[in-house]
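Participant:
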Amino acid sequence: MVILSIGVTPNSQIAARAGIELGAANAIRVNEKMETSQPYIYAAGDCAVVRHIVSDREMYIPMGTTANKQGRVAGENAAGGKAAFRGVLGTGITKVMDMEVSRTGLCEQECDNLGIEYISHFIKSRTRVPYYPDAGRIHVKLIADKNNRRLLGGQIAGYPGSGKRIDTIAAALTMHSRVDDLKNMDLAYSPPFSPLWDPVLTAINRF
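What follows is the structure in structure tokens.
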């Protein structure tokens, strides 16, 4: 099997020649209103930077979902609105054969690069109660700040029913939640969908 991870480069040369300020990875620097450094000029999507909600750093994370949201904010503000784009978590999901893989927030390497002291926990569980048909394996890793116990990121890999669980972690990251705030989240339970303790909750309770 061959995996190609080619990546994306921002097409910002025209903006640079027009005197518009560039930021991370030479993408166009914008504020939360999607305004560039030049008055009445907006930028959005794969040519523009974003603010990472967890690290509060300017980053370049080109995603279709982000481009759509940024475009809506830019369009509304260009027409006189007051919309704001608050940032991203780098949430992503993919499928490899029958396995679902997803991530959100910061990984351990990113924490190291940012000088953040962290703790992490890794758990193995099932997507449904073990006696239920097609109860596949699921692996969850969560990362939290060692000092204030704020959740920093997570990764999930497993079989059908695994990947979209990352959205629970993304919601917690958006609210800057601490792991102690999440240990008794009232998540939905029924044998076809989850063990009694959802794998995300199991991972959170390891802290």
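Heads up: the sequence shown is residues 1 to 207, going by full-length UniProt numbering. Heads up, the beta-carbon is just placed ideally off N, CA and C, and yes, glycines get one too. Being a predicted model, the structure only gives us computed values, none of them experimental.
I'd like the span of the beta strand (DSSP E) that includes threonine 94, first residue to last.
Facilitator: Per DSSP, threonine 94 belongs to the beta strand (DSSP E) from 92 to 96.
Participant: Per DSSP, valine 101 is paired with what?
Facilitator: DSSP lists Thr94, Ala157 as partners of valine 101.
Participant: Does the distance from the CB of serine 177 to the CB of leucine 106 come in under 8 Å?
Facilitator: It is not a contact, given that the beta carbons lie outside the stated cut-off.
Participant: If the criterion is Cβ atoms closer than 8 Å, does the pair glutamine 155 and arginine 206 meet it?
Facilitator: No, the Cβ-Cβ distance between glutamine 155 and arginine 206 is not below 8 Å.
Participant: With a threshold of 8 Å, are at least 3 pairs of Cβ atoms found where one atom belongs to the region 85 to 95 and the other to the region 50 to 66?
Facilitator: Touching, per the Cβ criterion.
Participant: Can you have a look at arginine 17 and say buried or exposed, based on whether 16 or more other CB atoms are within 10 angstroms of its CB?
Facilitator: By the 10 Å Cβ count, arginine 17 comes out exposed.
Participant: Give every residue of the same chain whose Cβ lies closer than 7 Å to the Cβ of glutamine 70, excluding the five residues on either side of it in the sequence, and list them in chain order.
Facilitator: Result list for glutamine 70: Met34, Ala44, Gly45, Ala48, Phe85, in chain order.
Participant: Let me confirm a value: leucine 4 is counted as buried when at least 16 other C-beta atoms fall within 10 Å, else exposed. Which label applies?
Facilitator: So leucine 4 counts as exposed.
Participant: How big is the Cα-Cα spacing for isoleucine 204 and alanine 78?
Facilitator: Spanning the two alpha carbons is a distance of roughly 42 Å.
Participant: Output needed for proline 62: all residues of its chain with C-beta closer than 7 Å, excluding positions within five of it in sequence on either side, in chain order.
Facilitator: Correct list, in chain order: Val8, Asp46.
Participant: Buried or exposed, going by whether 16 or more other CB atoms sit within 10 Å of the CB of valine 179?
Facilitator: Buried is the call here.
Participant: Which first and last residues belong to the alpha helix (DSSP H) in which isoleucine 3 is found?
Facilitator: Neither: isoleucine 3 is in no alpha helix (DSSP H) and is coded neither H nor E.
Participant: By DSSP, does valine 49 sit in helix, in strand, or in coil?
Facilitator: Residue state, collapsed to three classes: coil.
Participant: Identify every residue that forms a DSSP beta bridge with glutamate 76.
Facilitator: Paired residue(s): none; glutamate 76 is not in a bridge.
Participant: Excluding the 5 residues preceding and the 5 following leucine 114 in the sequence, name in chain order all residues of the same chain whose CB lies nearer than 8 Å to its CB.
Facilitator: Cβ neighbours of leucine 114 beyond the five flanking positions: Ser55, Arg57, Leu106.
Participant: Compare the C-alpha of lysine 124 against each of Val2, Asp112, Trp197 and name the closest.
Facilitator: Among Val2, Asp112, Trp197, the Cα nearest to that of lysine 124 belongs to Trp197.
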